[in-house]
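Here the structure is laid out as structure tokens; the discussion comes afterwards.
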Amino acid sequence: ALQEDKENSGTGCKKRRSMGFPVNQKAKGFFFQENYEKAEESAMEGYACGSIPCARLAGHICSIKNRTEEAYDYLEEAAQKGDPVSACYLSRLLFRDAGNRMDLKEAAGYLEQAQKAGLYMADYDYGLYCYYGKYQFEQDREKGLLLIEKSAEENYRDAIEFLIEHSQDRESWKFRKREHILIRDII
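If you're matching positions, the sequence shown starts at 516 in our numbering and goes up one per residue.
Here's what the structure looks like:
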């Protein structure tokens, strides 16, 4: 299906690019309005033109719609092209669905790819897995907290919320949460 999508819509790509039409921004706008049908349609237009952010968004939407196999395909293609956010999302899907599609080593490899690229979401995930000793990760609460704190320093909301619940310095993190600006450019 992925190859077919690319082959059938190559003609409109030049027109959209020459006009400077940001199809990935249009898709993200629909996504944040929770209009997943239009978001998916726009993401597919961008994906057909080779947009990695659109492939990532298409994978994310497929995941939301419980079309897991399609989500894997889109995210895997974008991750293999070097997109760390797709690699992180793919690792989340693979860990959640461990055993049904890939082994845990492959999931950990995608997480490591995202973490090596400096993605704070990946630091949070890796830290969480270490903190709780999930999947194949050895439990190491100290290492886990350090990685989660690193992610929180980058204003990752999930990391900040975790630290409010689990840290000795709760007031400091509560203050940071009040200052936190939701970053939507990640999707």
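Note that beta-carbon positions come from the ideal geometry of N, C-alpha and C, so glycine has one too.
In this structure, the CA atom of residue 664 is about 23 Å from the CA atom of residue 622.
Here residue 557 really is in contact with residue 545; their C-beta atoms are around 6 Å apart, less than 8 Å.
Note on residue 654: under 16 other CB atoms within 10 angstroms of its CB, so exposed under the neighbour-count rule. For the pair residue 648 and residue 640, the Cα-to-Cα distance works out to about 12 Å.
Measuring C-alpha to C-alpha distances from residue 657 to each of 570, 588, 592, 644 identifies 644 as the nearest. Separation of the CB atoms of residue 669 and residue 635 is rounded to 4 Å, and the pair is thereby assigned contact status at 8 Å. Rounded to the nearest whole angstrom, the C-alpha separation of residue 627 and residue 679 is 26 Å. Sequence-distant Cβ neighbours of residue 560 in its own chain, meaning closer than 6 Å and more than five residues away, are 538. The residues 659, 662, 663, in chain order, have a CB closer than 6 Å to that of residue 642 in the same chain once the five nearest residues on each side in sequence are set aside. Nearest to residue 602 by C-alpha distance, out of 633, 542, 567, 629, is 629. A direct Cα-Cα distance of roughly 10 Å separates residue 567 from residue 595. In this structure, 597 is the residue among 675, 597, 571 with its C-alpha nearest to the C-alpha of residue 633. Counting only the Cα atoms, residue 587 lies some 10 Å from residue 573.
For residue 561, the enclosing alpha helix (DSSP H) stretches over residues 551-563. Within 10 angstroms of the beta-carbon of residue 607 lie 16 or more other beta-carbons, which makes it buried.
With a beta-carbon spacing of about 13 Å, residue 570 and residue 554 fall beyond the 8 Å limit used to define contacts. Following the DSSP letters along the chain, one finds residue 607 inside the alpha helix (DSSP H) bounded by residues 599-611.
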